[in-house]
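Chains A and B, in that order, are what the protein sequence lines are. The numbers in the numbering used here rise by one with no breaks, and the one at position 113 of the first sequence is 113. The numbers in the numbering used here rise by one with no breaks, and the one at position 166 of the second sequence is 1166. From the three backbone atoms N, C-alpha and C, an ideal C-beta is built for every residue, glycine too. Computed from a predicted structure; not experimentally measured. A quick write-up on the structure given underneath.
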Amino acid sequence: MDDTDRAIINALQGGFPLSEEPYREVAAGLGLSEAELIARLERMLKDKILTRFGPMFQVERMGGAFVLAALAVPEERFDAVAEQVNALPEVAHNYRREHVLNMWFVLATETPEGIARAVDRIEAVTGLKVHAFPKEREYFVEMRLKA
Amino acid sequence: MSRESRGHGREPVVMDEVDRQLVLATQNGLPLVSRPYATLGEQLGIAATDVMARLARMLETGVVRRIGAVPNHYAIGYAANGMSVWDVADERVDELGPAVGGLEFVTHCYRRPRALPAWPYNLFAMVHGRDRQEVEAKVAAIRELLGEACRGHEILYSSRILKKTGLRLAG
Chain A
1 MDDTDRAIIN ALQGGFPLSE EPYREVAAGL GLSEAELIAR LERMLKDKIL
51 TRFGPMFQVE RMGGAFVLAA LAVPEERFDA VAEQVNALPE VAHNYRREHV
101 LNMWFVLATE TPEGIARAVD RIEAVTGLKV HAFPKEREYF VEMRLKA
Chain B
1001 MSRESRGHGR EPVVMDEVDR QLVLATQNGL PLVSRPYATL GEQLGIAATD
1051 VMARLARMLE TGVVRRIGAV PNHYAIGYAA NGMSVWDVAD ERVDELGPAV
1101 GGLEFVTHCY RRPRALPAWP YNLFAMVHGR DRQEVEAKVA AIRELLGEAC
1151 RGHEILYSSR ILKKTGLRLA G
């Protein structure tokens, strides 16, 4: 990763243009060619420097649901349980955290009922209790970090 | 601009079938081609201008938070990622939550239900840093802001990303 990659990441955490040739527009602002910008984005996605590039959807606004949940997984079963949990398409992301509740994941479903089904399914396949922490209020969300 | 999130508490946005198809077509990412909206329009059988108008509407209504890149925290140098969790007096949390969310280093801030007795925390604030020392300094600033309303807190560091795909609607 070089300074140009960093500049691209910082520039693209803002709003990507809704215009005919948006990459050309962003590239011009960075002093790059469109082809170079696209090639660098492809490489950063492939190398997992970027986890994705595109619209970030807020599933609740479409009538769906998004819930943070946690499991206390016995250490010796951790990898197997991670595989079982990650196998569900409803699991949008999943992190290992240092706590008795050591697996924290987000369930995103198209309907509110989908959350309960996903929770039941995870409890059935893992035999572990799912602790759900639905949000009651959102005070702030903006995933922007300076690279 | 206020740091309070858009779209909270409003009725869900009505999406038509083409909107849904547009979500499906872009949930893995935007095409990396010169005219991405034209490419999407071809896939969906609509004009590029219609694709842009639909995305503009989704941005306005909060269905799309933004269009952009999501960096891997670790890859861009944020080695320490702490979920700070706080037990804040119920009568103060809605006043203090937006103030915590307003700190420039907090990327997500929510009120969530407690799970007593094991889990007394009702306020969650995500804090990222180059190392744990940096996260701890930021968490100390939150602690100070919360003052007497804070009855306890913990930092849960993430030690591994197990999955990070984002939303996936079933096709």
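- Sequence-distant partners of Leu68 of chain A (beyond 5 residues in either direction) whose C-beta falls short of 6 Å from its own C-beta, in its chain, are Val106 and Phe133.
- Note that the C-beta distance between Val1014 of chain B and Phe57 of chain A is not below 8 Å.
- By the CB criterion at 8 Å, Gly114 of chain A and Ala39 of chain A fall outside the cutoff.
- Check the Cα spacing between Ala1115 of chain B and each of A:Leu88, A:Ala108 and A:Lys135: the tightest is with A:Lys135.
- In the three-state DSSP reduction, Tyr23 of chain A falls in the helix class (H, G or I).
- Look at Lys46 of chain A here: in three-state DSSP terms it is helix.
- Residues of the stretch 108-127 of chain A whose Cβ lies closer than 7 Å to any Cβ of chain B, in chain order: Ala108 and Glu110.
- Here Ala1038 of chain B is near Ala1048 of chain B, since their CB atoms are less than 8 Å apart.
- Counting along the chain, Val1093 of chain B sits inside the alpha helix (DSSP H) bounded by residues Asp1090 to Gly1101.
- Along the stretch 1130-1153 of chain B, there is no position whose C-beta sits under 8 Å from a C-beta of chain A.
- Nearest CB-CB separation between Gly1029 of chain B and chain A: below the 8 Å threshold.
- Any Cβ of chain A closer than 8 Å to the Cβ of Leu1055 of chain B would place that residue at the interface, and such an atom is present.
- Across the stretch 1062-1077 of chain B, CB contacts with chain A closer than 8 Å involve Gly1062, Val1063, Val1064, Arg1065, Arg1066, Ile1067, Gly1068, Ala1069, Val1070, Pro1071, Asn1072, His1073, Ala1075, Ile1076 and Gly1077, in sequence order along the chain.
- In its chain, beyond the 5 residues on either side, no residue has a beta carbon closer than 6 Å to the beta carbon of Ala1140 of chain B.
- Neighbours of Ile1161 of chain B across chain A, judged by C-beta separation under 7 Å: Tyr95.
- Between Gly1102 of chain B and Phe16 of chain A, the C-beta spacing is not below 8 Å.
- According to the DSSP secondary-structure assignment, Gly54 of chain A is paired through a beta bridge with B:Gly1068.
- Judged by DSSP in its simplified three-state form, Asn1081 of chain B adopts strand.
- Annotation: His1153 of chain B to Asp1087 of chain B spans about 6 Å, alpha carbon to alpha carbon.
- Between Glu34 of chain A and Arg24 of chain A, the C-beta gap is smaller than 8 Å, which places the two residues in contact.
- Against chain B, a Cβ distance below 7 Å from Arg52 of chain A picks out Gly1029, Val1070 and Gly1166.
- At a cut-off of 8 Å between beta-carbon atoms, Arg1111 of chain B makes contact with chain A.
- In terms of Cα proximity to Arg96 of chain A, the closest of A:Glu142, A:Gly31 and A:Ala82 is A:Ala82.
- Under the Cβ distance rule, Thr1039 of chain B does not count among the residues neighbouring chain A, no pair being separated by less than 8 Å.
- By the CB criterion at 8 Å, Arg61 of chain A and Gly1062 of chain B fall inside the cutoff.
- Ile9 of chain A carries a helical assignment under DSSP once its states are collapsed to helix, strand and coil.
- With 16 or more neighbouring CB atoms inside 10 Å of its own CB, Gln84 of chain A falls in the buried class.
- If one requires a minimum length of 4 residues, the alpha helix (DSSP H) runs lying completely within the stretch 50-111 of chain A are 78-86, in chain order.
- Looking at the DSSP output, Glu1154 of chain B sits in a beta bridge with B:Val1085.
- A distance below 6 Å between beta-carbons, with the five flanking residues on each side excluded, links Ala1080 of chain B to the following residues of its chain, in chain order: Gly1129, Asp1131, Arg1132 and Val1135.
- When the Cα atoms are used, Gln1027 of chain B and Glu1148 of chain B turn out to be separated by approximately 43 Å.
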